[in-house]
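**Q**
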Amino acid sequence: MQIKSKQRSAGATTAQALSTKFDQSISVNINLIKESIPLVILFRALNCLSDKHILSRICFDCPDNTEMKEALRPSLELAKMIDSQEDALDYIAKRGAAQAYTKDKRIVYAKLLLESEFLAHVSVLPDGMYKKSFFLGYMANKLVKASLGLINEDDRDYYGKKRLDMAGSLLGNNFRMLFRNFTDEMTKILKRDIDNGHDKILLQKALKPDIITHGLRTALATGNWGKDRDGNVQKTGVSQVLNRLTFASSLSHLRRLNTPIAKSGKLAKPRQLHNTHWGMICPAETPEGAACGLVKNLALMAFVSVGGAVSSFVSILEDFGVEKLKEWNESMIRAGKDVKVFVNGNWFGTHNNPDDLM
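Numbering (our numbering), first residue to last: 63 to 420.
(1) Under a three-way DSSP split, which group does Q296 fall into?
(2) Whole angstroms are fine: how far does the CA of L379 sit from the CA of F105?
(3) Determine the burial state of H413: buried for a count of at least 16 other Cβ atoms within 10 Å of its Cβ, exposed for fewer.
(4) Hey, out of A352, V303, F382 and N320, whose CA is closest to G326's CA?
(5) For L269, I'd like the list of residues in its chain whose CB is within less than 7 Å of its CB, leaving aside the five on either flank, ordered along the chain.
(6) Secondary structure at N243, three-state DSSP: helix, strand or coil?
(7) Excluding five sequence neighbours on each side, which residues of the same chain lie with their C-beta closer than 7 Å to the C-beta of Q78?
(8) S98 by DSSP, collapsed to three states: which one?
(9) Measure how close the beta-carbons of S296 and G285 come, nearest whole angstrom, since I'm counting them as under 8 Å.
(10) Do you know how far the Cα of F237 is from the Cα of L264?
(11) So, is V368 buried or exposed, given that buried needs 16 or more other C-beta atoms within 10 angstroms?
(12) Identify the residues that DSSP records as bridge partners of W287: which are they?
(13) Which class does G355 belong to by DSSP, given the choice of helix, strand or coil?
(14) Helix, strand or coil: which one does DSSP assign to R106?
(15) Count the CB pairs spanning the stretch 164–171 and the stretch 180–198 that are closer than 8 Å, and state whether there are at least three.
(16) Based on the DSSP output, what are the partners of L360 in its beta bridges?
(17) Can you tell me whether E385 is helix, strand or coil according to DSSP?
(18) Mark M130 as exposed unless 16 or more other C-beta atoms lie within 10 angstroms of its C-beta, in which case mark it buried.
(19) What are the boundary residues of the alpha helix (DSSP H) that includes R168?
(20) Which residue wins for smallest C-alpha separation from F197, given the options K388, M239, L316 and L282?
(21) Buried or exposed, going by whether 16 or more other CB atoms sit within 10 Å of the CB of Y220?
(22) If you follow the beta strand (DSSP E) that K402 is in, where does it begin and where does it stop?
(23) For K347, which residues of its own chain have a beta-carbon under 8 Å away from its beta-carbon, when the five flanking residues on both sides are left out?
(24) With a threshold of 7 Å on Cβ separation, who are the neighbours of D216 within its own chain once the five nearest residues in sequence on each side are excluded?
(25) Considering V206, what are the terminal residues of the alpha helix (DSSP H) in which it resides?
(26) Under 6 Å Cβ to Cβ from K386, same chain only, skipping five residues before and after it: list those, please.
(27) Have a look at the DSSP bridge pairing and note the partners of T412.
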């Protein structure tokens, strides 16, 4: 998901756009939806209906900041025609793959889409919509504050926010894509046999296991990983022949990291050493030329942690007095008493004594 701000009127001239500081509306890009969705319409689809409710989600830590409210005015005005959850869901569905459906089916489609595709790391359950509204408000809060200069912009090169695609996740994603092709091919063959009126339909004939076997072998042999809808290769050079020239070169090759940025790019920042590389990235081991700084190496003593179940960790947080968002009193964080607690990037709740919690 991507959230961004844009000019309220596309036809406005540059002078008109610069005449007011707050002539910006905020829109959100969602997977499987072709157009950007205005922020306030998305809030109403998440069952935050009134302007007051939406502002309380976004300005949770600064309810008296008139500058932030003025910055959000164009977004509120843009969505004034959509005032119910059903209308908001219908608006979203019409910009997806459900345009030809009836209104009731469009609403069901939009609900399922928001549950499964929108902020999936927060929740994929029907009762998790309120959590998504809190997280969306938090995102909008940071965006507006950064645009007004109240907070600094995030550092894109900060290594604590980076994630590595290891062999397991790469193979898993490739297998998922190939398995989808396998089921699509099976469906097509069975549908053709049924349409042709065959008396005896053999499931064995519809199964084409070579799709998965051939796909995995080709990927590992060529290093071309995954294809998009147009058939273009998404990643190249993923699997390589291990360098055995010397023991040191083998170690270096096994710990190599490739940044997914075009080698011809002229940006200097992603190539430079960052202070958060300390202890994780070797400061000297990088090739010369176009790939300088983009191809890095893990430090010899560094290792990559793997994910695990968070249920035990969540129960510990609850025992230490972390209030879940559902039970959270908004006035506490406004008074500056509470701090936000995140688990795996998901806003879990708040706590009134961070020193005690740590």
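Cβ atoms here follow ideal geometry from the backbone N, Cα and C, with glycine treated the same way.
**A** Looking at the atomic coordinates:
(1) strand
(2) 28 Å
(3) buried
(4) In the sequence on display, residue 326 carries Ser and not Gly. Cα-wise, what sits closest to S326 is A352.
(5) M248
(6) helix
(7) Its pLDDT being 29, under 50, Q78 is placed unreliably by the model, and nothing is read from it.
(8) coil
(9) A small correction: the amino acid at residue 296 is Gln; Ser does not occupy that position in the sequence shown. Between G285 and Q296 the Cβ distance is about 12 Å, and since that is not below 8 Å, they are no contact.
(10) 25 Å
(11) exposed
(12) K297
(13) coil
(14) helix
(15) no
(16) I343
(17) strand
(18) buried
(19) K165 to S178
(20) K388
(21) exposed
(22) V401 to V405
(23) A small fix is needed here, since residue 347 is Glu in this sequence, not Lys. Correct list, in chain order: S314, K358 and N359.
(24) none
(25) M191 to L210
(26) G411
(27) E385 and K402
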